[in-house]
Amino acid sequence: MVIVLGFEGSANKLGVGIIKDGVILANPRKTYITPPGEGFLPKETAQHHREKVLEVLRLALNESEVTPNEIDVVCYTKGPGMGAPLATVAIVARTVAQLWNKPILGVNHCIGHIEMGRLITGAKNPTVLYVSGGNTQIIAYARKRYRIFGETIDIAVGNCLDRFARILKLSNDPSPGYNIEQMAKKGYNFVPLPYCVKGMDVSFSGILSFLEERTKSLLEQGHTSEDLCFSLQEVIFAMLVETTERALAHCNSNEVLIVGGVGCNLRLQEMMGEMCKERGATLFATDERFCIDNGVMIAQAGYEMFKSGTRMAWKDSYVTQRFRTDEVETTWRTD
Amino acid sequence: MEGFILVKQGAEARLYQGTYLGRPVIVKERFVKNYRHKHLDDTLTKERMKSETKAIVRCKSVGIPTPMIFLVDFNRRMIFMEHLMHSMVLKDYIEQTPLDILFQLSILIGVTLGKMHEGNIIHGDLTSSNMLLVNKHNKDEFLDLNELKLVLIDFGLAHVDPSAEDKGVDLYVLERALLSTHAITEKIFPKIMEGYQESYSTGYKEVFAKYKEVRARGRKRTMIG
């Protein structure tokens with residue numbers, strides 16, 4: 001029996017999760033929400049995490065009814081992410097690990113998403129679409145690593161959505177992407193937007209520039225905000241589904257797993273499901289509890305690492321803003 | 001599609017095998033993608049059918065082997081092209097061929113890509129699935145490289161561009177696709193570059209600089225959770 005405590009705070013979500021051999025005992029989360037038209041900045045986000053982290057940790061311990069001495073290992077997000085928020089949370093993880101005399105493990109955030117997704121959905125060896133505010137990657141496992149087949153060559157898909165929400169001054173509560181999704185449901189006139197796929201890579205910055213320049217005039221011409229949200233979703237999700245399908249065909253795989261914050265968008269799931277149906281593949285997706293950054297995902301990846309013998313020296317328990325998915329050797333996967 | 005049999009469903013199209021005007025053909029049908037908005041699907045399909053045919057014809061003019069095209073039918077979303085009967089996909093070939101032969105082959109791949117880029121053709125989706133090794137004498141033998149020719153396929157994302165940037169991206173896309181698929185990539189990719197330099201000596205320096213730049217951009221990309 002292994003009990004793992006996981007800390008996550010690489011962006012504007014702060015989460016603490018506790019997991020016991022694949023069973024989630026607690027997974028509370030607090031989100032730093034900025035006013036409409038504004039994004040979250042490192043300094044303020046770190047301050048938010050500093051103020052809330054002990055409260056969230058207390059919540060997790062209470063909810064799970066686990067006492068500190070039962071915990072086997074403390075895990076935290078080593079990267080990638082924003083420097084200040086990462087460091088804030090890592091300090092707390094290091095402190096409690098030393099206070100309680102537990103080993104510590106730094107976890108790659110992206111691997112956290114993948115392992116969480118595999119645990120919740122039961123997908124065995126899926127081609128993974130990882131889509132969030134900071135990342136857009138198409139990943140498949142091969143030879144002891146999660147290999148990146150395709151990715152964005154500029155901004156992440158979630159970043160594109162967030163920034164479009166800022167142009168329209170949509171609320172950031174609960175998240176800009178959620179509000180775009182709701183608006184898109186009421187749109188039906190398709191406005192053509194740039195479509196940019198390069199092999200298995202995608203690009204979103206051109207679409208965003210296009211919208212930054214023309215949203216005002218498009219609205220004046222009689223298009224509605226709802227139509228723009230609808231068209232944006234249709235175009236960028238089509239790009240993601242297309243590149244995922246390419247990777248799927250290239251790897252002869254028949255499972256797709258969507259993870260990351262944008263992954264809880266139902267329209268994306270619907271489109272991906274349609275593609276999977278056409279080629280006899282299975283789609284695995286989760287809802288906002290697990291798609292969006294949380295503490296348990298870090299605990300679960302840490303659990304896999306810990307069980308397969310990975311240990312970390314104290315001097316290595318730093319954070320790094322740049323930490324690619326394919327840098328981690330997946331010691332826990334033997335296939 | 002009477003008399004035609006479905007042989008493969010790729011990412012973008014279904015491939016059928018059959019006979020057209022007495023010749024063995026492959027029909028590439030870019031079928032309707034239901035997940036995509038109709039307007040988007042129609043535009044993309046038409047664009048890509050055009051790119052594919054244009055690039056294939058242009059490749060012929062610079063001496064790069066590509067399948068012959070017999071018919072382009074926008075209404076049925078189909079391209080009828082030559083069926084290369086005695087061929088093997090590079091992806092499978094790499095996994096079952098000794099390293100010394102692969103080194104020679106890599107030079108050939110590089111030479112071919114260099115020639116393509118010299119003609120300002122950007123493939124847009126270079127992977128080991130999009131290159132075929134075809135036996136010149138209609139036999140199913142693939143051991144002697146002198147008996148084989150390298151044929152490029154799947155030009156749906158191709159375009160014509162003289163810029164070093166796009167050529168650099170093309171090479172980077174290939175490197176990444178190979179790295180994620182084949183354990184041996186680190187050994188053979190330098191050979192590909194060697195062949196590339198040999199055949200595209202005028203543009204190599206600039207393209208290689210761009211390729212390194214694009215690669216650095218990719219590797220150093222900040223990834224925020």
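Which chain is which? The protein sequence lines are G and S, in order.
The first sequence runs 1 to 335 under full-length UniProt numbering.
The second sequence runs 1 to 225 under full-length UniProt numbering.
Note that the Cβ used here is the ideal one computed from N, Cα and C, for glycine as well.
Since this is a predicted model, take the numbers as computed values, not measurements.
Look at the Cβ atom of T235/G, then the Cβ atom of V157/G, and state whether they are nearer than 8 Å. A small fix is needed here, since residue 235/G is Val in this sequence, not Thr. No, the Cβ-Cβ distance between V235/G and V157/G is not below 8 Å.
Extent of the continuous alpha helix (DSSP H) run through H172/S: With the sequence shown as reference, residue 172/S is identified as Tyr, and His is not the correct amino acid for it. A164 to T181 is the span of the alpha helix (DSSP H), which, as asked, contains Y172/S.
Counting only beta-carbon separations shorter than 8 Å, does E274/G have a partner in chain S? Under the Cβ criterion of 8 Å, E274/G is counted among the residues facing chain S.
Looking at the unbroken beta strand (DSSP E) that takes in R322/G, where does it start and where does it end? Here R322/G belongs to no beta strand (DSSP E), and DSSP marks it neither H nor E.
Within chain G, the residues that A177/S reaches when beta carbons sit closer than 8 Å: A177/S reaches chain G at F149, G199, M200 and H250, counting residues in chain order whose Cβ is nearer than 8 Å.
Give a yes or no on whether the C-beta atoms belonging to A140/G and G295/G are separated by under 8 Å. The answer is no: Cβ separation not under 8 Å.
Helix, strand or coil: how does DSSP classify A142/G here? Strand.
If you measure beta-carbon to beta-carbon, which residues of the stretch 175-208 of chain S are closer than 9 Å to chain G? Taken in chain order, the members of the stretch 175-208 of chain S whose beta-carbon sits within less than 9 Å of a beta-carbon on chain G are R176, A177, L179, S180, T181 and A183.
Give a yes or no on whether the minimum CB-CB distance between E234/G and chain C is below 8 Å. The displayed structure is made up of protein chains G and S, and chain C is not among them.
Just verifying my parser: in three-state terms, what is the DSSP assignment at A285/G? It is a strand residue.
Between Y35/S and chain G, is any beta-carbon pair separated by less than 8 Å? Output row for Y35/S: interface = yes.
Could you tell me which residues DSSP puts in a beta bridge with M131/S? Per DSSP, L152/S.
Assuming L99/G is part of the beta strand (DSSP E), what are its boundary residues? Element bounds for L99/G: not the beta strand (DSSP E) but the alpha helix (DSSP H), G83 to L99.
Could you check the C-alpha separation between E82/S and V27/S for me, to the nearest Å? Using only the alpha carbons, I get a separation of about 9 Å.
Please state the DSSP three-state secondary structure of F80/S. It is a strand residue.
T127/S touches chain G at which residues, Cβ-Cβ below 9 Å? Ordered by position in chain G, the residues that pass the 9 Å Cβ test against T127/S are G199, M200, R246 and H250.
Please return the same chain residues whose Cβ sits closer than 6 Å to the Cβ of T215/G, not counting the five positions on each side in sequence. Excluding residues within five positions, the ones whose Cβ falls inside 6 Å are I167.
Can you find the residues in the same chain that come closer than 7 Å, C-beta to C-beta, to L6/S, ignoring five residues on each side of it along the sequence? Once the five neighbours on either side are set aside, the close Cβ partners of L6/S are R14 and Y16.
Should A281/G and E255/G be called a contact, given that it needs their Cβ atoms to be closer than 8 Å? Taking 8 Å as the Cβ cut-off, A281/G and E255/G qualify as a contacting pair.
Just checking: is the beta-carbon of G124/S within a distance shorter than 8 Å of some beta-carbon in chain G? G124/S has a beta carbon lying within less than 8 Å of a beta carbon in chain G.
Classify P176/G: buried if its beta carbon has 16 or more other beta carbons within 10 angstroms, exposed otherwise. P176/G comes out buried.
Please report how far the alpha carbon of V319/G lies from the alpha carbon of G9/G, in whole angstroms. Approximately 11 Å, taken between the alpha carbons.
Under 8 Å, Cβ to Cβ, is there at least one residue of chain S near F190/G? Under the 8 Å criterion on CB atoms, F190/G is classed as interfacial with respect to chain S.
Would you mind sorting K33/S into buried or exposed? The rule is 16 or more other CB atoms within 10 Å of its CB. Buried, by the Cβ-count rule.
Between the alpha carbons of L57/G and V16/G, how many angstroms are there, rounded? Roughly 6 Å between the two C-alpha positions.
Using the three-state DSSP reduction, which class does F74/S fall into: helix, strand or coil? Here F74/S sits in coil by DSSP.
Using the C-alpha atoms, what's the distance from G112/G back to Y130/G? Whole-angstrom Cα-Cα distance: 11 Å.
Give every residue of the same chain whose Cβ lies closer than 8 Å to the Cβ of F70/S, excluding the five residues on either side of it in the sequence, and list them in chain order. Counting only Cβ-Cβ distances below 8 Å, and skipping sequence neighbours, we find Y20, L21, R23, V25, F80, M81 and E82.
Where V23/G and E63/G are concerned, what is the direct C-alpha to C-alpha distance, given to the nearest angstrom? Straight through space, the alpha carbons of E63/G and V23/G are spaced by roughly 13 Å.
Return yes when the Cβ of R48/S is within less than 8 Å of the Cβ of G156/S, no when it is not. Going by C-beta atoms, G156/S is nearer than 8 Å to R48/S.
Please identify the residue among A123/G, Y32/G, S225/G and S209/G whose C-alpha is closest to the C-alpha of P174/G. Distance check between P174/G and each of A123/G, Y32/G, S225/G and S209/G places Y32/G closest, using alpha-carbon atoms only.
Using CA atoms only, rank isn't needed, just tell me which of F204/G, L193/G and M275/G is closest to C160/G. When each option's Cα is compared against that of C160/G, the closest is F204/G.
Same chain only: Cβ atoms within 6 Å of F290/G, ignoring 5 sequence neighbours per side: Sequence-distant partners of F290/G (beyond 5 residues in either direction) whose C-beta falls short of 6 Å from its own C-beta, in its chain, are M116 and I120.
Tell me whether N138/S sits in a helix, a strand or coil according to DSSP, three-state version. Of the three classes helix, strand and coil, the one that applies to N138/S here is coil, per DSSP.
Within the 8 Å Cβ cut-off, does R143/G reach chain S? Judged by the 8 Å Cβ criterion, R143/G is in contact with chain S.
With a cut-off of 8 Å on the beta carbons, I'd call M76/G and F7/G a contact; round off their distance for me. Looking at the sequence itself, residue 76/G is Tyr, so the reference to Met does not match. Sure, about 4 Å apart at Cβ, within 8 Å.
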